[in-house]
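Q:
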Amino acid sequence: NRRIIGVDLGAERGFRLADHGRRAGHALNPAGERAGAKPIARILASASAGVSPRIMGIGPVPASQKALERAGLTLADMDVIEINEAFAVQVLGCLQGLGLAQDDSRINMHGGAIALGHPLGASGPRIALTAARQLERTGGRYALATLCVGIGQGTAIVIERV
Numbered sequence: 074n075r076r077i078i079g080v081d082l083g084a085e086r087g088f089r090l091a092d093h094g095r096r097a098g099h100a101l102n103p104a105g106e107r108a109g110a111k112p113i114a115r116i117l118a119s120a121s122a123g124v125s126p127r128i129m130g131i132g133p134v135p136a137s138q139k140a141l142e143r144a145g146l147t148l149a150d151m152d153v154i155e156i157n158e159a160f161a162v163q164v165l166g167c168l169q170g171l172g173l174a175q176d177d178s179r180i181n182m183h184g185g186a187i188a189l190g191h192p193l194g195a196s197g198p199r200i201a202l203t204a205a206r207q208l209e210r211t212g213g214r215y216a217l218a219t220l221c222v223g224i225g226q227g228t229a230i231v232i233e234r235v
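So the mapping is simple: my numbering equals the position in the sequence shown, first residue as 1, plus 73.
1) Which one of V153, A188 and G172 has the shortest CA to CA distance from G212?
2) Starting from the N-terminal side, write out each stretch of the beta strand (DSSP E) that is 3 residues or longer and does not extend beyond the region 137–218.
3) Can you give me the start and stop residues for the beta strand (DSSP E) that A229 sits inside?
4) Can you give the Cα-Cα distance for A110 and P198, rounded to whole angstroms?
5) Which same chain residues end up closer than 6 angstroms to I180 when comparing Cβ atoms and leaving out the 5 residues on each side of it in sequence?
6) Roughly how many angstroms separate the alpha carbons of C167 and S121, rounded to a whole number?
7) Out of curiosity, what's the CA-to-CA distance linking G185 and V222?
8) Assuming R127 is part of the beta strand (DSSP E), what are its boundary residues?
9) Could you check whether the region 122–137 touches the region 223–231, counting it as contact only if at least three pairs of C-beta atoms, one from each stretch, sit closer than 8 angstroms?
10) Identify whether A104 lies in helix, strand or coil by the three-state DSSP scheme.
11) On a CA-only basis, which of A188, H191 and R115 is nearest L217? Give me that one, please.
12) State yes or no: is the C-beta of S137 within less than 8 angstroms of the C-beta of A229?
13) Whole angstroms is fine: what's the gap from D176's alpha carbon to R143's?
14) Less than 6 angstroms between C-beta atoms, sequence neighbours within five positions excluded: which residues of the same chain meet that for A118?
15) State the beta-bridge partners of V222 as determined by DSSP.
16) Run through the DSSP bridge pairs and tell me what A110 is partnered with.
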């Protein structure tokens, strides 16, 4: 492990700050159960993929395609689509790669990370919860939530409102 500006780096640990964001989602379930909260969505499928680091930003495209295939669904089935907005042009590349129109009303209904925030290590839980809440608000059934990850990686989940 190497320590760089307060962040532990190592193949076995990854970025420690990111670990805390991932733990946020895990911690909410038992706490929510104790408080009597009911789930609002469930994860149907997930996938990760990578592209050449030279075209970083479109990793969510193959990840989305894989997640949708695993769920047995298509983009046409999605009522909500949340694409993490690492930077504005990155979303445009993903829309083009997925064959979606820039004005598709299902995409980032309340804005993306530029409007809502891009918290280090917590973007995944933020995007998944935003998608789940949008399904709840709109009465939709399925959502696709994606993340652009550094060095050409992408990840995606398909969720269903319960």
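For each residue, glycine too, the CB sits at the ideal point set by N, CA and C. Note that the coordinates shown come from a computational prediction; the quantities given were computed from them, not determined experimentally.
A: According to the structure data:
1) As a working mapping, residue 212 is identified with position 139 in the sequence shown. Minimum Cα distance to G212 is reached at V153.
2) Here the runs fully enclosed are 153–156.
3) Stepping through the sequence shown from its first residue, residue 229 is reached at position 156. Secondary structure note for A229: its beta strand (DSSP E) is the uninterrupted segment Q226 to R234.
4) Here residue 110 refers to the residue found at position 37 of the sequence shown. Here residue 198 refers to the residue found at position 125 of the sequence shown. Cα atoms of A110 and P198: separation of roughly 17 angstroms, rounded to the nearest angstrom.
5) Within the sequence shown, the letter at position 107 stands for residue 180. Cβ-Cβ distances below 6 angstroms link I180 to I154 in the same chain, with the five nearest sequence neighbours on each side left out; the list follows chain order.
6) Residue numbering aside, residue 167 sits at position 94 when the sequence shown is read from its first letter. Residue numbering aside, residue 121 sits at position 48 when the sequence shown is read from its first letter. C167 and S121 have their C-alpha atoms spaced approximately 15 angstroms apart.
7) Residue 185 sits at position 112 when you count from the first residue of the sequence shown. Residue 222 sits at position 149 when you count from the first residue of the sequence shown. Straight through space, the alpha carbons of V222 and G185 are spaced by roughly 15 angstroms.
8) By 1-based counting over the sequence shown, the position of residue 127 is 54. Element bounds for R127: n/a, residue is neither H nor E.
9) Contact holds: three or more Cβ-Cβ distances are below 8 angstroms.
10) For the purposes of this step, residue 104 is taken as the residue at position 31 of the sequence shown. It is helical.
11) Working through the sequence shown from its first residue, we reach residue 217 at position 144. Relative to the Cα of L217, the nearest Cα in the group A188, H191 and R115 belongs to R115.
12) Position 64 of the sequence shown, counting from 1, holds the residue named residue 137. Position 156 of the sequence shown, counting from 1, holds the residue named residue 229. The criterion of a C-beta distance shorter than 8 angstroms is satisfied by S137 and A229.
13) Residue mapping note: residue 176 aligns to position 103 of the sequence shown, counting from 1. Residue mapping note: residue 143 aligns to position 70 of the sequence shown, counting from 1. Between D176 and R143, the C-alpha separation is close to 27 angstroms.
14) Taking the first residue of the sequence shown as position 1, residue 118 is located at position 45. Cβ contact annotation for A118 (same chain, cutoff 6 angstroms, sequence separation greater than five): A140, R143, A144 and V231, in chain order.
15) Here residue 222 is taken as the residue at index 149 of the sequence shown, counted from 1. Paired residue(s): Q226.
16) Here residue 110 corresponds to residue number 37 of the sequence shown, with the count starting at 1. DSSP output for A110 lists no bridge partner at all.
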